[in-house]
Structure formats: structure tokens, C-alpha cells
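Per our numbering, the very first residue in the sequence shown carries number 368; after that it's consecutive. For reference, the structure is listed below as C-alpha cells.
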Amino acid sequence: MKKTLKIICEGILNILVIIAIIILIFSVYIIYQVKIQNKQYATILGYTALEVITGSMAGTIDIGDLVIVEETQDVNVNDIIVYRKDEDLITHRIVKKDGETIITKGDANNTEDDPITIQDVVGKVRFTIKNVGIWKDVFSSPVVLACITVTIILFGIAIMYKPKNKMEENQESGKE
Numbered sequence: 368m369k370k371t372l373k374i375i376c377e378g379i380l381n382i383l384v385i386i387a388i389i390i391l392i393f394s395v396y397i398i399y400q401v402k403i404q405n406k407q408y409a410t411i412l413g414y415t416a417l418e419v420i421t422g423s424m425a426g427t428i429d430i431g432d433l434v435i436v437e438e439t440q441d442v443n444v445n446d447i448i449v450y451r452k453d454e455d456l457i458t459h460r461i462v463k464k465d466g467e468t469i470i471t472k473g474d475a476n477n478t479e480d481d482p483i484t485i486q487d488v489v490g491k492v493r494f495t496i497k498n499v500g501i502w503k504d505v506f507s508s509p510v511v512l513a514c515i516t517v518t519i520i521l522f523g524i525a526i527m528y529k530p531k532n533k534m535e536e537n538q539e540s541g542k543e
């Protein structure tokens, strides 16, 4: 039973290490795009993830939700898009499209936005992950990160710990 439990724990630890390495690789790639290439957002395989920080799309997309955006300019009326306006990225629904000119509006707003062009479009929202902002706040807390780190270290020590049996203790002390 203990051997089976140990094998399961070692497997779980190996999976956690692999996940941590993958997260580290993606993090380095994202930092490279944002800090070195000076991009406003990072993309992976033509998609980007952005956190919503205003309530202009409330009811459909709420503050703290994460939107997964496919980079494309192939957009139509009723699509929810992300577009650039000055230094901001805005997530709104297309209400009118006339050639290269697009009019958007937040679902919770009373008025339409100023017209934009197709070149301002970053991409189309493909899906939304609810309440990611809450988890980001929790896991970016130094106290939570410290607790997780200590737990993983202790878990690793517990798996690697091999208690000595009586025969090994006697041999080390010179007794048989």
C-alpha cells in the first residue's frame, strides 16, 4: 500500500514539475513579446488572452472575466471584437459595418462608440472564462504563493524521505 501511494505521489509530483516547466516557458515567451518586442499584448498561435477591466459589456462579459481572442480582421455585425483605441484595447460588439468602417457598442452602454477601421481590430472574441480576475488576485498574493511553495517543498520532501530500518541503523552503529 505504501509503495503504491509513493508511486502515485511521485507521479503527481512529476506532473506538477512538467506543468511548472510549461508555465515557465510560456511566461518567458510572453515576457519576450511584451518587454523586448514592445507589443501591447502577447499572442500564442494566433490567440491572446485579455482580462476585462470595465463593465461596458456587463451581462455578457463581466469585469474580471478573461476573453480569448483570435487575431483576425474577418469580423461581422454582432461579433464581439477587441480593437485598439489610442493606448487602450476595447472589447465591444459590432453593431454596424460598412466596408472598412466599423461601429461598435458595449452591451451595457447607451451609445455607440466612435467609428473605427478594420485596421484597428485586434481580433474576435472566441470564448470567455468567467471570474479569472478573482483567481489572479488570489494567486498573485505573496502569502498564497509562499504557502503553495512551502506545501510543494514539503510534499517533495515527504515523497523522497526513506526511513531507515532497524538493520541499517545497527550496521551504521557497528552492531549486528
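Note that CB positions come from ideal geometry on N, CA and C, so glycine has one too. Note that the structure is predicted; figures quoted are calculated from it, not measured.
Across the structure, C514 and E437 are spaced so that their CA atoms are roughly 35 angstroms apart.
Linking L391 to I435 through their CA atoms gives a straight-line distance of about 20 angstroms. In the structure shown, the three-state DSSP call for T371 is helix.
Taking I501 as the centre and dropping the five residues before and after it, the same chain places the C-beta of G431 closer than 7 angstroms to its C-beta, in chain order. When secondary structure is reduced to three states using DSSP, Y408 falls in the coil class, being assigned neither helix nor strand. Collapsing the DSSP output to three states places V442 in coil. Secondary structure at V419: coil, using DSSP grouped into helix, strand and coil.
Burial of G490 is indicated by the presence of at least 16 other C-beta atoms within 10 angstroms of its C-beta. Boundaries of the alpha helix (DSSP H) around G523: P509 to M527. The DSSP-derived three-state label of D465 is strand. Taking A425 as the centre and dropping the five residues before and after it, the same chain places the C-beta of A475 closer than 6 angstroms to its C-beta, in chain order. Here the segment 479–487 makes contact with the segment 454–471; the two share three or more CB pairs at distances below 8 angstroms.
By the Cβ test, the segment 438–458 is in contact with the segment 411–422, since at least three Cβ pairs between them sit closer than 8 angstroms.
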